[in-house]
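Beneath this line is the structure, given in structure tokens, with notes to follow.
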Amino acid sequence: SQQGEEDPQALSIQEGENATMNCSYKTSINNLQWYRQNSGRGLVHLILIRSNEREKHSGRLRVTLDTSKKSSSLLITASRAADTASYFCATDALNTDKLIFGTGTRLQVFP
Amino acid sequence: GAVVSQHPSRVICKSGTSVKIECRSLDFQATTMFWYRQFPKQSLMLMATSNEGSKATYEQGVEKDKFLINHASLTLSTLTVTSAHPEDSSFYICSAPVAGENIQYFGAGTRLSVL
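What follows is the structure, encoded as structure tokens:
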């Protein structure tokens, strides 16, 4: 399977703490994306980082990419209860519009 | 951002019946749409790529006669689960990329329960 791996599978933190999720993938990529999924809902795009970028910020989100290690991390700073959701990394399959999703991290933020 | 509408959000049916799920791009045209299946607490597994005006491309292991896909217009793709059985019960999600963007926009998903 080309599916990426994410760790941890589940993460529980208190509001105000930072949450870090890691993603490893298997193939060469053009870009890597992070998506969020609230329980029983569709996915929402959070951030995209291109293969020639090493770090990217968007609000409280910080994404890093290490193509030599085929890994990425998503950091959510100053977490809120509303950040409770599942987070998935997704890589593009070269020369197609397909996305290959990681296994996901379930984040629970307690108020 | 672009909006993708998926209908119905939930369906319960008897074993042996067929169920149609619709995926619409509301404010953009989508020549390609994707259909995913998701089991509880698991990731999304791509089932097929829906191509406007041509046959869908199915991923390995997905039965094309079981999961019929039709992409008759630039804003609508449908997934029909034929002769549904309890093992087809799952969460089905569609998505569509906007031309020139690398990201995908997702429908809200359809929870199918086959009794």
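Protein sequences appear in the order of chains A and B.
Residues in the first sequence are numbered from 13 upward in steps of one, following the working numbering.
Residues in the second sequence are numbered from 1181 upward in steps of one, following the working numbering.
Just so it is clear, CB atoms sit at the ideal spot from N, CA and C, and this is done for glycine as well.
This structure is a prediction, so every number in the text was calculated from the model and none was measured.
query, result
"Interface residues of chain A around Gly1233 of chain B at Cβ under 8 Å?", "Neighbours of Gly1233 of chain B on chain A: none; closest Cβ ~16 Å, over 8 Å."
"Is the closest heavy atom of the ligand SAH to the C-beta of Arg53 of chain A under 7 Å?", "This structure lacks the ligand SAH, and indeed carries no ligand of any kind."
"Among B:Ser1253, B:Ala1228, B:Ser1257, B:Leu1256, which has the Cα closest to the Cα of Glu1243 of chain B?", "B:Ala1228"
"With 8 Å as the C-beta to C-beta threshold (strictly closer), list the residues of the segment 69-87 of chain A near chain D in chain order.", "The structure shown contains no chain D; its protein chains are A and B."
"Scan the segment 1198-1270 of chain B and note each continuous beta strand (DSSP E) run of 3 residues or more that stays entirely inside, going in chain order.", "1199-1205, 1212-1218, 1224-1231, 1247-1253, 1256-1261"
"Can you find a CB in chain A that lies within less than 8 Å of the CB of Asn1282 of chain B?", "yes"
"So which residues of chain B does Gln45 of chain A contact, with C-beta pairs closer than 9 Å?", "Asn1282, Ile1283, Gln1284"
"For Cys101 of chain A and Leu44 of chain A, what's the separation of their Cα atoms in angstroms?", "7 Å"
"I'd like to know whether the C-beta atoms of Ile88 of chain A and Arg62 of chain A end up nearer to each other than 8 Å.", "no"
"Does any CB atom of chain B fall closer than 8 Å to the CB of Leu111 of chain A?", "yes"
"Using the beta-carbon of each residue, which ones in chain A are nearer than 7 Å to Leu1226 of chain B?", "Lys110"
"Assign Pro1277 of chain B to buried or exposed, taking buried as 16 or more other Cβ atoms, counted over all protein chains shown, within 10 Å of its Cβ.", "buried"
"In whole angstroms, what is the alpha-carbon distance linking Phe1247 of chain B and Leu1259 of chain B?", "6 Å"
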